[in-house]
Amino acid sequence: MPSLPPIRPEDEAVAEKVRLHGAFDAPAELPHDPARTEYLLRLGDDALILGQRLSEWCGHAPSVEVDLSLANLSLDLIGQATLFLGEAGDADQLAFKRDVLDFRNCWLVEQPNGDFARTMVRHLLFSTWQHLLYQRLSASTDPAIAGIAAKGAKEIAYHRELAAEWVVRLGDGTEESRARTLDGLGWCWRFVPELFEVDEQLADAIARGIAADPREIEPEWRSSIGAVLGEATLEVPADTRPILGGRRGHHSEHLGHLLAIMQYLPRTYPDANW
Amino acid sequence: MSDWPLWEVFVRAKGGLAHRHVGSVHAPDAELALRHARDTYTRRQEGVSLWVVASAAIIASDPDQSGELFEPAADKVYRHPTFYDIPDVVKHI
Chain A
2 MPSLPPIRPE DEAVAEKVRL HGAFDAPAEL PHDPARTEYL LRLGDDALIL GQRLSEWCGH
62 APSVEVDLSL ANLSLDLIGQ ATLFLGEAGD ADQLAFKRDV LDFRNCWLVE QPNGDFARTM
122 VRHLLFSTWQ HLLYQRLSAS TDPAIAGIAA KGAKEIAYHR ELAAEWVVRL GDGTEESRAR
182 TLDGLGWCWR FVPELFEVDE QLADAIARGI AADPREIEPE WRSSIGAVLG EATLEVPADT
242 RPILGGRRGH HSEHLGHLLA IMQYLPRTYP DANW
Chain B
3 MSDWPLWEVF VRAKGGLAHR HVGSVHAPDA ELALRHARDT YTRRQEGVSL WVVASAAIIA
63 SDPDQSGELF EPAADKVYRH PTFYDIPDVV KHI
């Protein structure tokens, strides 16, 4: 069998340009830096999934003011997701045409809203982590990640304050609000260790200075959460067996349902416009 | 929530301008009133500073007294500075 002639550089240049775009379920062109792409997906998916979750409150919040607050939080997060996923590839393709096993978000953000107390507890735990992380990421060796994180840190600083205000009021509020906040804390606390998990992929990105090491922010996270819960007259729950796997595509049953709703329109009417 | 008190919201659009009343929000306390005001009235870069005031703290004039309070000013045109020539360089008076 004759060997093929070597590929000429001019042909190779053309070949790069004829990759299929927009094919159903075809991931967009990803840059050949798996550790960076993987990290961008983790950051982007966390923001996207929590943004989608919060948007479920739209029209259902306890008052019109709270409705607007939650929608604002949601839009901040979806904006960050658009930027992170846009760095990983085609943000729309990645958001709307990936399947559940390809999502890299943590378990905490995909948890159902439950009641308002659980939503606020989840937001306190997550946005405190996200804020500390973004602050460190603004010194990332990757200029795109550093830029998105620096912009996002200002938005998330507000999320963190707002969530803390609510958790203090609900925890130190009525008997019912306190019981609901404790329930929310019990629901969410299992998913905390995953926030500080470092697997092989992440270790690689940390070593190259692209990613921030979440283990370094854990003491500050714990003391910050402890202070808010203290003010809310609640005790920090005992740590339980960690639930891990979101970063590698193992998710709770809830994520598939969330995606079914979020992805319905673009999958039913591909490339629909308005 | 129906049992939350009402707060009046004032927004300063730019440094140097006065705070203007823009509306009201319900909130359980002053700190959250400020956050609700931020989320409700400054989402589109409307302001650089916010005030909230408990609506209950505002002392309002009685509409039934508007005759005695405001009508006497109606026929006193000499109180308007309209009898002076305003220099062209003075823009806001």
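Here the protein sequences come in this chain order: A and B. Residues 2 to 275 in the numbering used here are what the first sequence spells out, letter by letter. Residues 3 to 95 in the numbering used here are what the second sequence spells out, letter by letter. For each residue, glycine too, the CB sits at the ideal point set by N, CA and C.
request  = Go ahead and pull the three-state DSSP assignment for B:R46.
outcome  = Residue state, collapsed to three classes: coil.
task = Counting only the same chain and skipping the five closest in sequence on each side, list residues whose C-beta sits under 7 Å from that of B:V27.
result = Result list for B:V27: W9, V11, A35, H38, A39 and T42, in chain order.
ask   = Mind checking A:R170: buried by the 16 CB within 10 Å criterion, or exposed?
value = Classification for A:R170: buried.
request  = Report the rounded CA-to-CA distance for A:H33 versus A:E254, giving the unit in angstroms.
outcome  = Approximately 31 Å between the Cα atoms of the pair.
inquiry  = For A:S141 and B:P7, what's the separation of their Cα atoms in angstroms?
reply    = If you take the alpha carbons of A:S141 and B:P7, they lie about 45 Å apart.
task = Indicate whether at least one CB of chain A lies closer than 8 Å to the CB of B:T2.
result = The question about residue 2 of chain B has no answer, for chain B in this structure spans 3 to 95.
request  = Using the DSSP secondary-structure output, state which residues sit across from B:W53 in a beta bridge.
outcome  = DSSP lists B:F12 as the bridge partner or partners of B:W53.
query = Helix, strand or coil for B:V92 per DSSP?
reply = Three-state result, B:V92: coil.
query = Bridge partners of B:V79, per DSSP?
reply = According to DSSP, which records beta bridges pairwise, B:V79 is partnered with nothing at all.
ask   = Would DSSP call A:H132 helix, strand or coil?
value = DSSP, reduced to helix, strand and coil, places A:H132 within a helical segment of the structure shown.
query = How far does the beta strand (DSSP E) with B:G25 in it reach, from first residue to last?
reply = First-last of the beta strand (DSSP E) with B:G25: R22 to H28.
inquiry  = I'd like to know if the stretch 95-105 of chain A and the stretch 59-68 of chain A are in contact, where contact means that at least 3 CB-CB pairs between them fall below 8 Å.
reply    = Taking a contact to require three or more Cβ pairs closer than 8 Å, the stretch 95-105 of chain A and the stretch 59-68 of chain A do not qualify as touching.
query = How big is the Cα-Cα spacing for A:T175 and A:I226?
reply = A:T175 and A:I226 have their alpha carbons spaced roughly 21 Å apart.
message = Let's test the definition: count the other Cβ atoms within 10 Å of the Cβ of A:G23 and tell me whether it reaches 16, buried, or not, exposed.
response = Confidence in A:G23 is poor, its pLDDT being 47 and thus under 50, which makes the residue's placement too unreliable to answer from.
task = Give the C-beta separation of A:H160 and A:L74 to the nearest angstrom, bearing in mind that I take them to be a contact with Cβ-Cβ under 8 Å.
result = The C-beta distance from A:H160 to A:L74 rounds to 6 Å, short enough to meet the 8 Å contact threshold.
query = When the Cα atoms are used, what is the spatial distance from A:G231 to A:A165?
reply = Cα to Cα, the separation comes out at about 11 Å.
ask   = Between A:I50 and A:V110, is the Cβ-Cβ spacing less than 8 Å?
value = Contact annotation: A:I50 and A:V110 have beta-carbon atoms nearer than 8 Å.
query = Mind pulling the beta strand (DSSP E) runs of 3 or more residues that sit fully within the stretch 166-249 of chain A?
reply = If we require 3 residues or more, the stretch 166-249 of chain A turns out to have no beta strand (DSSP E) run fully inside it.
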